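Enquirer: Here the protein sequences come in this chain order: A and B.
Every letter in the first sequence is one number past the one before it in my numbering, and letter 73, counting from 1, is 100.
Every letter in the second sequence is one number past the one before it in my numbering, and letter 6, counting from 1, is 63.
Ideal Cβ placement from N, Cα and C applies to all residues, glycine included.
Since the structure is predicted, the reported quantities are computational estimates derived from the model, not experimental observations.
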Amino acid sequence: KAGVTQTPRYLIKTRGQQVTLSCSPISGHRSVSWYQQTPGQGLQFLFEYFSETQRNKGNFPGRFSGRQFSNSRSEMNVSTLELGDSALYLCASSLTGSAGNQPQHFGDGTRLSIL
Amino acid sequence: DQQVKQNSPSLSVQEGRISILNCDYTNSMFDYFLWYKKYPAEGPTFLISISSIKDKNEDGRFTVFLNKSAKHLSLHIVPSQPGDSAVYFCAASRQLDMRFGAGTRLTVKP
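(1) Across which residues does DSSP place Arg118 of chain B in a beta bridge pair?
(2) Taking only three categories from DSSP, how would you classify Gly69 of chain A?
(3) Apart from the five residues just before and just after Leu115 of chain A, which ones in its own chain have a Cβ nearer than 6 Å to its Cβ?
(4) Does the Cβ of Ile141 of chain A have 16 or more other Cβ atoms within 10 Å, making it buried, or fewer, making it exposed?
(5) Name the residue from B:Val135, B:Ile77 and B:Pro66 whose alpha carbon lies nearest to the alpha carbon of Arg118 of chain B.
(6) Assign Leu117 of chain A to buried or exposed, taking buried as 16 or more other Cβ atoms, counted over all protein chains shown, within 10 Å of its Cβ.
(7) Is there a C-beta anywhere in chain A that falls below 8 Å from the one on Ser67 of chain B?
(8) Would you call Met103 of chain A buried or exposed, if buried means 16 or more other Cβ atoms sit within 10 Å of its Cβ?
(9) Going by DSSP, what residue range makes up the beta strand (DSSP E) through Ser27 of chain A?
(10) With distance defined between alpha-carbon atoms, name the residue in B:Gln152, B:Arg156, B:Thr164 and B:Lys166 nearest to Gln60 of chain B.
(11) With a CB to CB cut of under 6 Å and the five nearest residues on each side skipped, what residues in its chain are close to Tyr37 of chain A?
(12) Could you name the residues of chain A that Ser108 of chain B contacts, counting a contact when the two beta carbons are closer than 8 Å?
(13) Strictly below 7 Å CB to CB, what residues from chain B border Gln68 of chain A?
(14) Is there a C-beta anywhere in chain A that falls below 8 Å from the one on Gly140 of chain B?
(15) Can you give me the start and stop residues for the beta strand (DSSP E) that Lys33 of chain B sits inside?
(16) Does the distance from the CB of Ser51 of chain A to the CB of Arg82 of chain A come in under 8 Å?
(17) Is the segment 74-84 of chain B touching the segment 94-106 of chain B in the sense that three or more CB pairs, one from each, lie closer than 8 Å?
(18) Spatial neighbours of His56 of chain A within its chain, please: C-beta separation below 7 Å, excluding the five flanking residues on both sides.
(19) Here's the rule I'm using: 16 or more other beta-carbon atoms within 10 Å means buried, otherwise exposed. How should Asn128 of chain A be labelled?
(20) Given a threshold of 16 other Cβ atoms within 10 Å of its Cβ, counted over all protein chains shown, does Ala29 of chain A qualify as buried or as exposed?
Now the structure itself:
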């Protein structure tokens, strides 16, 4: 069974640009969550999508947005990039998401560096 | 607002000994707790979980203990192996809200 796939693995952008990250969940998983990981901060929750609807959202500015397609694939977009957006962005999928008390399965992440 | 805290950023143990990783949470409404392991350049991998109706869950060398009155969670690894060297994250959830700790880097020395 293929795992969670995130593309690209590495990305370098400059301040003010925008970026789109992609996540393909495990087949059959309908929930996709996005997290930002920075040193010393652990995993900060961005948002969760379930059946193409945003079900939950963390405390991030509106520059961070996402969407989910009918095949459960998800994209995350960050506009007007700032230096502080440099981080590892992780995507996780599960059958029912955090509503179902099930573990999430993570991709290997996209390392975003802002110059 | 850190509702889940891992106060030890790092831990070093000798191979064959016990590793104990600790996690504290502040929200008594959390009802499901998990531990993840993360190697460099890889995403976190689910390790073990426990529901709030239990106080212990065991899976091979890994045991998770939950003390609800103290709002404390711990992961015991016995015996520790060099391959266990990684960053360990604890997580707590309730319905649609899942929070992660900042992680503890475990180093197991041969």
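Expert: Reading it off the structure:
(1) Your numbering for residue 118 of chain B matches position 61 in the second sequence. In the DSSP output, where bridge partners are listed per residue, Arg118 of chain B has none listed.
(2) By one-based count along the first sequence, residue 69 of chain A stands at place 42. Correct three-state label for Gly69 of chain A: strand.
(3) As a first step, residue 115 of chain A must be located in the first sequence, where it is residue number 88. Cβ neighbours of Leu115 of chain A beyond the five flanking positions: Gln64, Gly136 and Arg138.
(4) Within the first sequence, numbered from 1, the residue matching residue 141 of chain A stands at position 114. Ile141 of chain A is buried by the Cβ-count criterion.
(5) Residue numbering aside, residue 118 of chain B sits at position 61 when the second sequence is read from its first letter. Of B:Val135, B:Ile77 and B:Pro66, the residue nearest in Cα terms is B:Val135.
(6) Here residue 117 of chain A refers to the residue found at position 90 of the first sequence. Buried: at least 16 other Cβ atoms inside 10 Å.
(7) Here residue 67 of chain B refers to the residue found at position 10 when the second sequence is read from its first residue. It does not; no Cβ of chain A falls within 8 Å.
(8) Taking the first sequence and counting its residues from 1, the one referred to as residue 103 of chain A is at position 76. By the neighbour-count rule (16 or more Cβ atoms within 10 Å), Met103 of chain A is buried.
(9) Absent from the structure is residue 27 of chain A, since the part of chain A shown begins at 28 and ends at 142.
(10) Working through the second sequence from its first residue, we reach residue 60 of chain B at position 3. Measuring from the Cα of Gln60 of chain B, the nearest candidate turns out to be B:Arg156.
(11) Taking the first residue of the first sequence as 1, we reach residue 37 of chain A at position 10. Shown here for Tyr37 of chain A: same chain residues with a beta carbon closer than 6 Å to its own, the five before and five after excluded, namely Arg138 in chain order.
(12) For the purposes of this step, residue 108 of chain B is taken as residue 51 along the second sequence, with counting starting at 1. Correct list: Asn128.
(13) Taking the first sequence and counting its residues from 1, the one referred to as residue 68 of chain A is at position 41. Neighbours of Gln68 of chain A across chain B, judged by C-beta separation under 7 Å: Ala159.
(14) Numbered from its first residue, the second sequence carries residue 140 of chain B at position 83. Answer no: the Cβ-Cβ gap between Gly140 of chain B and chain A never drops below 8 Å.
(15) Any question about residue 33 of chain B goes unanswered here, given that chain B covers just 58 to 167.
(16) Residue 51 of chain A sits at position 24 when you count from the first residue of the first sequence. Residue 82 of chain A sits at position 55 when you count from the first residue of the first sequence. Not in contact: Ser51 of chain A and Arg82 of chain A (Cβ atoms no closer than 8 Å).
(17) Not touching, per the Cβ criterion.
(18) Working through the first sequence from its first residue, we reach residue 56 of chain A at position 29. Excluding residues within five positions, the ones whose Cβ falls inside 7 Å are Ser99, Ser120, Ser121 and Leu122.
(19) Counted from its first residue, the first sequence places residue 128 of chain A at position 101. Using a 10 angstroms sphere on the CB of Asn128 of chain A, the tally of other CB atoms reaches 16 or more, which defines it as buried.
(20) Taking the first residue of the first sequence as 1, we reach residue 29 of chain A at position 2. Label assigned to Ala29 of chain A: exposed.
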